[in-house]
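Numbering-wise (full-length UniProt numbering), the sequence shown opens with residue 1 and increments by one. Backbone N, C-alpha and C fix where the C-beta goes; we use that ideal spot for every residue, glycine too. Below is one structure, written out as structure tokens; comments come after it.
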Amino acid sequence: MISFVRIDDRMIHGQTCTRWAVEYPCDGLIAVNDAAAGNAVLKSAYKSAAPDKKTFVWTMEHFKEKAQAVLDSKTRYFLITKNPLDMREILVEMGFVPSDVKTVIVGPCNDRPETVKLGNNQSITQEEAQAFEDIQNAGYEVDFRLLPDKGIGKWDKFRAQFGF
1 MISFVRIDDR MIHGQTCTRW AVEYPCDGLI AVNDAAAGNA VLKSAYKSAA
51 PDKKTFVWTM EHFKEKAQAV LDSKTRYFLI TKNPLDMREI LVEMGFVPSD
101 VKTVIVGPCN DRPETVKLGN NQSITQEEAQ AFEDIQNAGY EVDFRLLPDK
151 GIGKWDKFRA QFGF
């Protein structure tokens, strides 16, 4: 089962494992990112960030193969992607329904070329904005929140900046 859904360009780190796990208890973490899944050093670093949790770093294809087993499991997992495009693929294109979770928490998205700054450490491109729009249109609430007590707002607050 999925207990929490997050987009975070750092994927797995201390705040994910400590602060968020208090709000949304979990037994394990599933990070979906093709590049990280193919990099032994990154996989090891992500797993060491959560030594007391079952931690998986999967490609998108592997997640698709395991999706139903994840839903059927009694183990409570966080589902994390590095970017909103991957989360859109999972929630919208694939039609994955993460248990009873209807909110996607958006954590850090660093400043990059061609981004619009929404708040501290939260900047997105037009393509990522489209992904958020698609995720919301699929019935999910998108909440920009670095920490449980540090939010800057929901997608509706920002969407007009991108022409929606």
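In the displayed model, Glu114 falls within coil according to three-state DSSP, outside both helix and strand.
When DSSP states are grouped into helix, strand and coil, Val57 belongs to the strand group.
For His13 and Phe4, the gap between their C-alpha atoms comes out near 15 Å.
Counting only unbroken stretches of 4 or more residues, the alpha helix (DSSP H) elements lying wholly within the segment 78-104 are 84-88, in sequence order. Runs of the beta strand (DSSP E) lying entirely within the segment 1-28 and spanning at least 3 residues, in chain order: 2-7. In this structure, Ile2 lies near Phe78, with their beta-carbon atoms less than 9 Å apart. Our two residues, Ile152 and Asn110, have alpha carbons roughly 15 Å apart in a direct line. Each of Thr18, Arg19, Glu61, Pro25 was checked against the Cα of Val32, and the nearest Cα belongs to Glu61. Of all C-beta pairs linking the segment 31-47 to the segment 58-77, three or more are shorter than 8 Å, placing the two stretches in contact.
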